[in-house]
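Chains as they are written, first to last, in our numbering: chain P, 65 to 341; chain A, 908 to 1216.
Here is the structure we will look at.
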Amino acid sequence: MKAGNSLARALKWAAIAICLVVTLFPFYWMVNTSLKPASEIFLSPPTFISSNWSLDAYTTLLTQKPLLRFFMNSLIVSAGTTLLSLVLAALAAYGLTRFFPGGATLFVMFLLFTKMLPETLLVIPYFQLMSDLGLLNTYFALVLAYSSFALPFSVWMLIGFFRSIPREIDEAAIVDGASYLQIFGLIILPLARPGLVAVALFTFLIAWNSYLWALVLTTDSSMFVLSVGIANMVGEYRVQWNELMAAAVIAGLPVVVLYSMLERHLVNAITAGAVKG
Amino acid sequence: MTDGDVRPVQRGRGSSAWTGRRRWIGHAFVAPVFIFLCAVVVLPLAHAFWTSLHRVRGLSRSFVGLQNYERVLGDEAFWHSLGVSLQFTAISVALHVLLGLGLALLLNRLSFGRRALRVLFLTPWMVAPAVGATVWLWLLEPQFGVVNYLLRAAGVIRAPLAWLGEPALAFASVVVVDVWRGVPFVMLLLLAGLQTIPPEQYEAAAIDGANRWQQFRYVTWPNLRYLLVVASTLDVINTIRHYDIIGVMTAGGPAGATEVLPVLLYNTAFRGNRLGDAATQGVLLLIVVLSFSAFYVRITRPDRGSPAA
Chain P
65 MKAGNSLARA
75 LKWAAIAICL
85 VVTLFPFYWM
95 VNTSLKPASE
105 IFLSPPTFIS
115 SNWSLDAYTT
125 LLTQKPLLRF
135 FMNSLIVSAG
145 TTLLSLVLAA
155 LAAYGLTRFF
165 PGGATLFVMF
175 LLFTKMLPET
185 LLVIPYFQLM
195 SDLGLLNTYF
205 ALVLAYSSFA
215 LPFSVWMLIG
225 FFRSIPREID
235 EAAIVDGASY
245 LQIFGLIILP
255 LARPGLVAVA
265 LFTFLIAWNS
275 YLWALVLTTD
285 SSMFVLSVGI
295 ANMVGEYRVQ
305 WNELMAAAVI
315 AGLPVVVLYS
325 MLERHLVNAI
335 TAGAVKG
Chain A
908 MTDGDVRPVQ
918 RGRGSSAWTG
928 RRRWIGHAFV
938 APVFIFLCAV
948 VVLPLAHAFW
958 TSLHRVRGLS
968 RSFVGLQNYE
978 RVLGDEAFWH
988 SLGVSLQFTA
998 ISVALHVLLG
1008 LGLALLLNRL
1018 SFGRRALRVL
1028 FLTPWMVAPA
1038 VGATVWLWLL
1048 EPQFGVVNYL
1058 LRAAGVIRAP
1068 LAWLGEPALA
1078 FASVVVVDVW
1088 RGVPFVMLLL
1098 LAGLQTIPPE
1108 QYEAAAIDGA
1118 NRWQQFRYVT
1128 WPNLRYLLVV
1138 ASTLDVINTI
1148 RHYDIIGVMT
1158 AGGPAGATEV
1168 LPVLLYNTAF
1178 RGNRLGDAAT
1188 QGVLLLIVVL
1198 SFSAFYVRIT
1208 RPDRGSPAA
C-alpha cells in the first residue's frame, strides 16, 4: 500500500514535469534564441545554451529598429484604454451595485453580449468608420476600439469588488448628508482601491496583448503597437530570428511579471462566475 | 421629516417619488458605459449589418438587398471555411478540456507548489497570442527550427517537415499552438471547480471503500460536470472567433487548409477588398457564435455568468 502510494506520487510528479517542459519550452527557446549572436541562429544542430551569448540582439533592436517606438505606442494605447475603461466601469459598477440590487440582469446580459461578439466582424465597420472620419493611425481610434472589448470585463470585475463593500457604509453617509457623487468619490473608490488596481492592471494587459484591432487600424509603421510590429517583422525578407525573439521577450516579460503578481485576483475574477454559477 | 425617521425612506418603500429618483440616479451612473458601448459596439454592429446589404466598390455603395447573402452562401469558400472552423474548434476544444482536466486533476491535491505551478502553467495564456504564434513560427521553421531537430534526433521523423507548408500538417500545427495556448484557461476554471468540492465527500467515499477511479466517478465527476459544460461552451465561443494565432502563422493557407471563418473574414475584407461580402460572412459567423452564446446564457445564471476572457 505504502509503496503503491509513493509510486503513484512519483508518476504524478513525472507527469507534471513533462507537461511543464512542453508548456514552457517555447519560452525557453525564445529567450535562448534572443541571446544568440546572429551567426549562431542557423547552426545545425542548434545550441541549447549559447557559449558566447550576448545582448546584441536587444541592443540592435532598441537602437536600430523601431521597437522602442512600438513599445511606447503599446504603452500609450494600453494606458489610455485603462484610464477610460476604469472611469466608465467604476461609475457603472457603483450604479449597478447601489441602485439595482436586483442585479440589473438586462444590462449584464448586454455586457455579456458585447463581450462575445467576434472581433473580426466588428473590426470591418470600425475600419470603415474610422477611415471615413480620418482617424486611422491615431491613438484615439485604438483607445476607443480597445475599450470596447476591455470595458465589459472591467465592469463585471468591479461589480464583484463593489458588491463586497457593505451598503451600510453608504447609508450612514446618506444620513450624514453626503451626495451620491461624494459617496462614490470619497468612500467607495478609496475602499475599492485594491480592486481598482487589479482591474486597471488587467485592462492594461488585455489592451497590451491585443493584435487584430491595431493590425487593421494602423497602416503607418510608426503607429504599430508591439504585437503588430513583431508579427510584421516575420514578413521581412530575411528574418533575424534572434532579434525577433528578443522583441518577443520585451513584449512578453512585463505581461508575465504583472500576471504572476496578480494571479490570485485573476483566478478569483475569472472563476467566480463560472464556478459558483 | 426629522433625522429620526430617515430609515424608512432610505429603505425605498416610503414614496414612489423617492424610488423614482433613486432609479434615475442609478441610470445616470450606468449611462456613460451604456452610451459608450452603443457608440463603439452597437453602432459598428449595425453598420456591419447595413454593409452586408450593400455592394461596396471603393467609395460607392449601392443597396442590393440579400444578394450578398445569396452569393456568400453559394460560395464554396464560405462552406469550406465553416467546415475548417468547426473542425478546428471541435478538435481544439476537445483537447483543451481533456488536457485541462488532466492537468487540473494532477495539480488539485498537491501538498505543495500548487500555486507556483498554476502560475507557470498559465504562462502561455498570459502572453499575447500574436507574440506566442510568432515564437512558434520560429520553433516550427522547416530548416533551422528546433521542433524538426528534436523530432529527427528522437527518430520520430526522417526528413525535416514543412510544418506550415502542407495542408494537413499546417492544420495540425495551428491546432497544437492553439492547444498550447488554450489549455491553461480551462485548467484554471476546472482547478477552481475542484477546489470547491468538499473534502468530506472524498473522505466519505474512502470510508465506503471507493478506489481512486470510483472516487473520480462518484465524487469528482458529478461535482464537475456542470462546470465542464460551462467551460467547454465558453471555450468554444472563444476559439471559434479567434483570429490572432492563425492570422499570424498561416493567414489561412496553405490552399485554405487553415482558413477558419475569422481569417476568411479578414482576408475577404482586407486582402480581397470585398467589404460587402466580408460583412455578410461576419454576420453569418455572428449567428454561429450567438447560438453558442445562447446556450451559455441558458446554462449559467446570466447575472453571475462570467464574461471573462
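Cβ coordinates follow ideal geometry from the N, Cα and C atoms, glycine included.
Cα-Cα separation, residue i to residue j
| i | j | result |
| --- | --- | --- |
| P/Tyr190 | A/Trp1128 | 44 Å |
| P/Leu170 | P/Ile223 | 15 Å |
| P/Ala262 | P/Ser228 | 15 Å |
| P/Tyr323 | A/Leu973 | 46 Å |
| P/Met309 | A/Val1042 | 7 Å |
| P/Glu300 | A/Gly1072 | 18 Å |
| P/Tyr244 | A/Asn975 | 51 Å |
| A/Ala1040 | A/Val1155 | 6 Å |
| P/Pro90 | A/Leu1046 | 7 Å |
| P/Ile251 | P/Asp234 | 8 Å |
| A/Val1063 | A/Met1094 | 29 Å |
| P/Phe135 | P/Asp240 | 48 Å |
| A/Pro1074 | P/Leu186 | 29 Å |
| A/Asn1015 | A/Gln1102 | 7 Å |
| P/Tyr203 | P/Ala312 | 22 Å |
| A/Ala1113 | A/Arg1022 | 26 Å |
| P/Cys315 | P/Ser291 | The question names Cys, but residue 315 of chain P in the sequence shown is Ala. Cα-Cα distance, rounded: 8 Å. |
| P/Ser138 | A/Arg968 | 35 Å |
| P/Ile140 | P/Val298 | 24 Å |
| A/Ala1185 | A/Thr958 | 9 Å |
| A/Thr926 | P/Met194 | 42 Å |
| P/Leu175 | P/Met94 | 37 Å |
| A/Ile1194 | P/Tyr210 | 23 Å |
| P/Leu157 | A/Arg929 | Per the sequence shown, the amino acid found at residue 157 of chain P is Ala instead of Leu. Spanning the two alpha carbons is a distance of roughly 15 Å. |
| A/Pro1049 | P/Val151 | 48 Å |
Spatially closest choice to residue i from the options, by CA coordinates
| i | options | result |
| --- | --- | --- |
| A/Gly1007 | A/Glu1107, A/Leu1068, A/Gly1089, A/Ala1061 | A/Gly1089 |
| A/Ala1011 | A/Gly1052, A/Ala1099, A/Pro1036 | A/Ala1099 |
| A/Gly965 | A/Ala1176, A/Val1196, A/Ile1153, A/Leu1076 | A/Ala1176 |
| P/Ala205 | P/Lys129, P/Phe164, P/Val289, P/Val239 | P/Val289 |
| A/Val1038 | A/Ala1162, A/Leu1192, A/Ile1152, A/Ser1198 | A/Ile1152 |
| A/Val1170 | A/Phe985, A/Asp1115, A/Val1143 | A/Phe985 |
| A/Trp1032 | A/Leu1097, A/Val1084, A/Ser1198 | A/Val1084 |
| P/Ala81 | A/Arg978, A/Arg930, A/Leu1013, A/Leu1005 | A/Leu1013 |
| P/Arg133 | P/Leu181, P/Ile294, P/Thr146 | P/Ile294 |
| P/Ile270 | P/Ile188, P/Thr146, P/Ser118, P/Ala79 | P/Thr146 |
| P/Ala121 | P/Lys100, P/Leu199, P/Ser274, P/Leu75 | P/Lys100 |
| A/Leu1097 | A/Tyr1133, A/Arg1124, A/Leu1068, A/Gln1108 | A/Tyr1133 |
Buried versus exposed call for residue i [16 or more other C-beta atoms within 10 Å across all chains shown]
| i | result |
| --- | --- |
| P/Asn116 | exposed |
| A/Tyr1203 | buried |
| A/Gly990 | exposed |
| A/Trp1087 | buried |
| P/Pro109 | exposed |
| P/Tyr92 | exposed |
| P/Gly149 | Position check: residue 149 of chain P holds Ser in this sequence, whereas Gly was assumed. Under this definition P/Ser149 is a buried residue. |
| A/Glu860 | The structure shown does not extend to residue 860 of chain A, since chain A spans only 908 to 1216, so no value can be given for it. |
| P/Gln192 | buried |
| A/Ala1060 | exposed |
| A/Val1004 | buried |
| A/Gly1052 | buried |
| A/Ser992 | buried |
| P/Ala70 | Residue 70 of chain P is actually Ser in this sequence, not Ala. With fewer than 16 other Cβ atoms within 10 Å, it is exposed. |
Cβ of residue i within 8 Å of any chain C Cβ
| i | result |
| --- | --- |
| P/Ser324 | No chain C is present in this structure, whose protein chains are P and A. |
**Request:** Scan the segment 296-319 of chain P for residues whose Cβ lies nearer than 7 Å to a Cβ of chain A and list them as they occur along the chain.
**Result:** Flagged, chain order: Val298, Trp305, Leu308, Met309, Ala312, Ala315, Gly316, Val319.
**Asked** Which residues, taken in chain order from the segment 254-277 of chain P, show a beta carbon closer than 8 Å to some beta carbon of chain A?
**Response** Sequence-ordered contacts of the segment 254-277 of chain P with chain A read Leu269, Trp272, Asn273, Ser274, Tyr275, Leu276 [C-beta pairs closer than 8 Å].
**Asked** Between the segment 199-220 of chain P and chain A, which residues of the former have a C-beta closer than 8 Å to a C-beta of the latter?
**Response** Within the segment 199-220 of chain P, Leu208, Ala209, Ser211, Ser212, Leu215, Pro216, Phe217, Val219, Trp220 place their CB atoms closer than 8 Å to a CB of chain A, listed in sequence order.
**Request:** Residues of the segment 120-132 of chain P with a CB closer than 7 Å to any CB of chain A: list them in chain order, please.
**Result:** Taken residue by residue, none of the segment 120-132 of chain P has a beta-carbon sitting less than 7 Å from a beta-carbon on chain A.
**Request:** Enumerate, from N- to C-terminal direction, the unbroken beta strand (DSSP E) stretches of 3 or more residues contained entirely within the segment 967-1008 of chain A.
**Result:** For the segment 967-1008 of chain A, the full-length beta strand (DSSP E) segments reaching 3 residues or more read 967-970 along the chain.
**Request:** Could you tell me which uninterrupted alpha helix (DSSP H) segments, each at least 4 residues in length, are contained entirely in the segment 1128-1199 of chain A, listed from first to last along the chain?
**Result:** Taking only runs of at least 4 residues, the alpha helix (DSSP H) segments lying wholly in the segment 1128-1199 of chain A are 1128-1147, 1151-1156, 1168-1173.
**Residues of the segment 1031-1045 of chain A whose Cβ lies closer than 8 Å to any Cβ of chain P, in chain order** = Shown in chain order are the members of the segment 1031-1045 of chain A whose Cβ falls below 8 Å from a Cβ of chain P: Pro1031, Met1033, Val1034, Ala1035, Pro1036, Ala1037, Val1038, Gly1039, Ala1040, Thr1041, Val1042, Trp1043, Leu1044, Trp1045.
**Request:** Below 7 Å between beta carbons is the criterion; list the residues of the segment 975-1007 of chain A that meet it against any residue of chain P, in chain order.
**Result:** For the segment 975-1007 of chain A, which is checked against every Cβ of chain P, not one residue is closer than 7 Å.
**Request:** Select from the segment 933-950 of chain A all residues with a C-beta closer than 9 Å to any C-beta belonging to chain P, and list them in chain order.
**Result:** The residues in question are Gly933, His934, Ala935, Phe936, Val937, Ala938, Pro939, Val940, Phe941, Phe943, Leu944, Ala946, Val947, Val948, Val949, Leu950.
**Message:** At a CB distance below 7 Å, what residues from the segment 1088-1118 of chain A approach chain P? Give them in sequence order.
**Reply:** For the segment 1088-1118 of chain A, which is checked against every Cβ of chain P, the residues closer than 7 Å are Leu1095, Leu1096, Ala1099, Gly1100, Thr1103.
**Prompt:** Name the residues in the segment 67-92 of chain P whose C-beta lies less than 7 Å from a C-beta of chain A; which are they?
**Reply:** Interface annotation for the segment 67-92 of chain P against chain A: Lys76, Ala79, Ile80, Cys83, Leu84, Thr87, Leu88, Pro90, Phe91, criterion Cβ-Cβ distance under 7 Å.
**chain A contacts from the segment 183-194 of chain P (Cβ-Cβ distance under 9 Å)** = Listed by position along the chain: Glu183, Thr184, Leu185, Leu186, Val187, Ile188, Pro189, Tyr190, Phe191, Gln192, Leu193.
**Prompt:** Residues in the segment 139-155 of chain P with C-beta within 7 Å of chain A's C-beta atoms, listed in sequence order?
**Reply:** When C-beta distances to chain A are compared with 7 Å, the residues of the segment 139-155 of chain P below that value are Leu152, Ala153, Leu155, in chain order.
**Request:** Only counting runs of 4 or more residues, tell me where the alpha helix (DSSP H) segments fall wholly within the segment 217-270 of chain P, in order along the chain.
**Result:** Note on the segment 217-270 of chain P: whole alpha helix (DSSP H) runs with a minimum of 4 residues are 231-239, in chain order.
**Asked** What alpha helix (DSSP H) runs, 4 residues minimum, are completely inside the segment 145-206 of chain P?
**Response** Here the runs fully enclosed are 169-180, 183-196.
**Prompt:** Could you give the uninterrupted runs of the alpha helix (DSSP H) lying entirely in the segment 89-135 of chain P, keeping only those of 4 residues or more?
**Reply:** Entirely contained in the segment 89-135 of chain P, the alpha helix (DSSP H) runs reaching 4 residues are, in chain order, 102-105, 120-128.
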